[in-house]
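The numbering of the sequence shown is the numbering used here, which starts it at 99 and goes up by one. The beta carbon of each residue, even a glycine, is placed where N, CA and C say it ideally should be. If you're wondering where the values come from, they're calculated on a predicted model, not measured in any experiment. Structure first, commentary second.
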Amino acid sequence: MKIYTKTGDQGTTALFGGKRVLKSDLRIDAYGTVDETNSWIGVLRDQEVNASRHTELVEIQDRLFTVGSILAVEPGNTKVKVPALIEDDVVFLEKKIDGMETKLEPMKVFILPGGHPSVSFGHVARTVCRRAERLVIALHEIEKIDPMVIQYLNRLSDYLFVLCRAMTAELKATETPWKPRM
């Protein structure tokens, strides 16, 4: 497989199915941001604090490739076969969230991102995931997107928030509460 094809040199790219669109197309922005989220999950996977979570983070990265594949199919093309997201993918995240929360103090205030570099990477992953979710929702307003994609991204950002709290506890870092000026 050749890395460069020169087919995008004029600012377009092909969707699965062959249709060419501008690289600035909302669909490309959406699945590009999912890819960016996936890269940040890779950074989290590489953090020593997450060694025991390696397998679950790889599974999440796999699902994000699935999300990207779903978004990369040209609208209405039913001939292109891509993996599907299923309810169990969301349930997987919910179980991981529930498991981490059993070991955490209940949250009583908003928390500022940070406290340790590994935790900060997690908050960047979470906010990029939220941006991906917003872009997918904007795309959904134009053309219908599998609702499981939206649900998965929403739950993934929740997972990433709780993961940040779990990493903070495991690293014995400090959660900094937001103290609004009133």
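Query	Result
Under the three-state DSSP convention, the category Val147 falls into	helix
Residues bridged to Phe114 (per DSSP)	Val171
Val180 versus Thr272 - alpha carbon distance	43 angstroms
Bridge partner(s) assigned by DSSP for Val119	Thr111
Beta-carbon gap between Lys194 and Tyr257 smaller than 8 angstroms	yes
Cα-Cα separation, Gly212 to Phe219	8 angstroms
Residue environment, Ala223, which counts as buried when at least 16 other CB atoms sit within 10 Å	buried
Touching by the beta-carbon criterion (3+ pairs, under 8 angstroms), the segment 195 to 206 and the segment 232 to 249	no
CB contact flag (Val226, Glu134, <8 angstroms)	yes
Cα-Cα separation between Leu120 and Gly109, rounded to whole angstroms	6 angstroms
Per-residue burial, Gly166 [other beta carbons within 10 Å of its own, 16 or more giving buried]	buried
Three-pair Cβ contact test at 8 angstroms for the segment 200 to 207 versus the segment 136 to 148	no
Pair within 8 angstroms by beta-carbon distance, Ala128 and Leu237	yes
Runs of alpha helix (DSSP H) lying entirely within the segment 184 to 237, each at least 4 residues, in chain order	185 to 199
Supposed contact pair Phe114 and Val171 - C-beta distance, whole angstroms, cut 8 angstroms	5 angstroms
Start-to-end residues for the alpha helix (DSSP H) that takes in Val247	Pro245 to Glu268
Beta-carbon proximity of Leu169 to Val132, cut-off 8 angstroms	yes
DSSP state of Thr131 mapped onto helix, strand, coil	helix
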